[in-house]
Ligand code: A2P
């Protein structure tokens with residue numbers, strides 16, 4: 007705990023806050039940032055006993071409205087990648103806002119001090135343990151699929167294990183790249199990483215943002231840019247090779263499947279798992 011304790015004269019104390027309904031597995035929101043009208047990120051307190059590996063996801067949510075017939079309230083939960091690294095004392099999430107989405111239509115209105123439900127059972131395939139040692143790691147994201155990489159880019163093991171870290175992020179618009187762009191920029195001043203890995207560790211990172219529906223310096227889907235060879239020429243690296251390259255994929259379903267096919271049938275990479283580390287892994291959270 008690092009909260010300040012203040013001694014207050016009981017006579018001047020404000021009336022006690024209205025008791026909040028006790029949520030199961032409640033955590034308190036500490037910060038909310040809105041990036042576009044469709045994207046926001048937020049931080050919450052971390053359960054003291056929760057251990058997870060950078061890149062994993064948990065179920066989070068809110069209580070549903072009472073059932074009109076029975077009056078019972080049930081939790082409404084969704085899988086969310088943890089965007090903060092394993093060492094962080096809080097937990098961060100990066101979310102889309104869907105106007106008629108059962109959870110995100112409400113979650114987008116959370117404020118610091120509010121409570122959310124966080125089931126402390128982390129799982130996931132986007133973990134270093136699921137990959138064989140290699141020279142270069144690629145992170146491929148679309149949209150909010152950047153979230154697990156926001157965790158892994160702040161994870162010291164990423165830089166201990168690899169000489170090069172390439173992060174590609176394809177979004178529709180320039181504004182949708184901003185969360186990732188600021189996060190990568192902030193790594194230069196990350197005290198822990200500079201101390202553990204060494205000053206200038208961030209030079210290992212190659213950031214390759216692309217947009218598909220708004221003008222930006224690099225336009226197009228990463229899949230097309232790889233097929234044409236343009237992405238490799240821009241980055242100054244050869245196409246992926248099972249001897250040197252490892253990759254993690256997190257995006258919409260069509261993107262995940264298209265990249266998996268490209269890896270297996272063009273570059274000769276094999277999909278790994280926690281139980282069988284190999285060359286690449288795909289986030290399964292969106293496939294369920
Ligand atoms: P596009 O605009 O050409 O559909 P979405 O918001 O639909 O989840 O998409 C996020 C980004 O991922 C968009 O830039 C979108 O490009 C891109 N995308 C969607 N499907 C694929 C795919 N199969 N391969 C590569 N990029 C994709």
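Residue numbers (my numbering): 7 to 294. Quick reminder that beta carbons are idealized off the backbone N, C-alpha and C, glycines included.
Put residue 207 into one of helix, strand or coil per three-state DSSP.
Within the chain shown, the letter at position 201 stands for residue 207. Helix, per DSSP.
Residue 150 beta carbon less than 8 Å from that of residue 45
For the purposes of this step, residue 45 is taken as residue 39 along the chain shown, with counting starting at 1. For the purposes of this step, residue 150 is taken as residue 144 along the chain shown, with counting starting at 1. Cβ atoms of residue 45 and residue 150: closer than 8 Å.
Just to confirm, are residue 63 and residue 85 a CB contact at a threshold of 8 Å?
The residue labelled residue 63 in the question sits at position 57 within the chain shown. The residue labelled residue 85 in the question sits at position 79 within the chain shown. Yes, these two residues count as a Cβ contact at 8 Å.
Anticipated Cβ contact below 8 Å, residue 122 with residue 88, distance rounded
By one-based count along the chain shown, residue 122 stands at place 116. By one-based count along the chain shown, residue 88 stands at place 82. With a Cβ gap of about 13 Å, residue 122 and residue 88 do not count as contacting.
Rounding to the nearest angstrom, what Cα-Cα distance links residue 144 and residue 82 in this structure?
Taking the first residue of the chain shown as position 1, residue 144 is located at position 138. Taking the first residue of the chain shown as position 1, residue 82 is located at position 76. When rounded, the distance between both Cα atoms is 33 Å.
Would the segment 124-138 and the segment 226-238 be scored as touching if the rule is three or more Cβ pairs under 8 Å?
no
Measuring only from the beta carbon, is residue 107 closer than 7 Å to any heavy atom that is part of the ligand A2P?
Taking the first residue of the chain shown as position 1, residue 107 is located at position 101. No.
Compute every distance between the C-beta of residue 253 and the non-hydrogen atoms of the ligand A2P, then say whether any falls below 7 Å.
In the chain shown, counting from the first residue as 1, residue 253 sits at position 247. The answer is no for residue 253.
Any non-hydrogen atom of the ligand A2P within 7 Å of residue 152 CB:
On the chain shown, position 146 is the one that residue 152 refers to. For the ligand A2P, not one heavy atom lies less than 7 Å from the Cβ of residue 152.
Ordered list of beta strand (DSSP E) runs contained in the segment 32-60, each at least 3 residues
32-42 and 45-51
What three-state label does DSSP hand residue 154 in the structure shown?
On the chain shown, residue 154 is found 148 positions in, with the first residue counted as 1. If DSSP states are grouped into helix, strand and coil, residue 154 belongs with the helices.
Can you find at least 3 beta carbon pairs, one from the segment 156-166 and one from the segment 188-207, that sit closer than 8 Å?
yes
Beta-carbon separation of residue 170 and residue 212 under 8 Å?
For this step, residue 170 is matched to residue 164 along the chain shown. For this step, residue 212 is matched to residue 206 along the chain shown. For residue 170 and residue 212, yes; Cβs fall inside 8 Å.
I'd like the list of long-range same chain contacts for residue 152, defined as Cβ closer than 7 Å, with 5 residues on each side in sequence excluded.
Here the question's residue 152 lines up with position 146 in the chain shown. Excluding residues within five positions, the ones whose Cβ falls inside 7 Å are 100, 175, 185 and 186.
Look up residue 213 in the DSSP assignment and say whether it is helix, strand or coil.
Position 207 of the chain shown, counting from 1, holds the residue named residue 213. DSSP places residue 213 in strand when its eight states are reduced to three.
Consider the C-beta atom of residue 54 and the heavy atoms of the ligand A2P; say whether any pair is separated by less than 7 Å.
Reading the chain shown from its first residue, position 48 is the one you call residue 54. Result no, Cβ not under 7 Å from the ligand A2P.
From this set, 36, 115 and 72, which residue's C-alpha is nearest residue 43's C-alpha?
Reading the chain shown from its first residue, position 37 is the one you call residue 43. Of 36, 115 and 72, the residue nearest in Cα terms is 115.
Shorter than 7 Å, the distance from the beta carbon of residue 136 to the closest heavy atom of the ligand A2P, or not?
For the purposes of this step, residue 136 is taken as residue 130 along the chain shown, with counting starting at 1. Every heavy atom of the ligand A2P is 7 Å or more from the Cβ of residue 136, so no.
If you compare alpha carbons, which of 207, 178 and 179 is closest to residue 191?
By one-based count along the chain shown, residue 191 stands at place 185. The shortest Cα separation from residue 191 among 207, 178 and 179 belongs to 207.
Using DSSP with H/G/I as helix, E/B as strand and the rest coil, what is residue 304?
Limits of the chain in this structure are 7 at one end and 294 at the other, which puts residue 304 out of reach.
Please indicate yes or no: does the CB of residue 257 lie closer than 7 Å to some heavy atom of the ligand A2P?
Start at 1 with the first residue of the chain shown, and residue 257 comes out as number 251. For the ligand A2P, at least one heavy atom lies less than 7 Å from the Cβ of residue 257.
Here's a check: name, in chain order, each residue in its chain whose Cβ is nearer than 8 Å to the Cβ of residue 55, leaving out the five neighbours to either side.
For the purposes of this step, residue 55 is taken as the residue at position 49 of the chain shown. Excluding residues within five positions, the ones whose Cβ falls inside 8 Å are 126.
With a 10 Å radius around its C-beta and 16 neighbouring C-beta atoms as the bar for buried, classify residue 154 as buried or exposed.
As a working note, residue 154 is residue 148 in the chain shown. Classification of residue 154: buried, given that the 10 Å Cβ count is 16 or more.
How big is the Cα-Cα spacing for residue 274 and residue 120?
Position 268 of the chain shown, counted from the first residue, corresponds to residue 274. Position 114 of the chain shown, counted from the first residue, corresponds to residue 120. Their Cα atoms are separated by approximately 48 Å.
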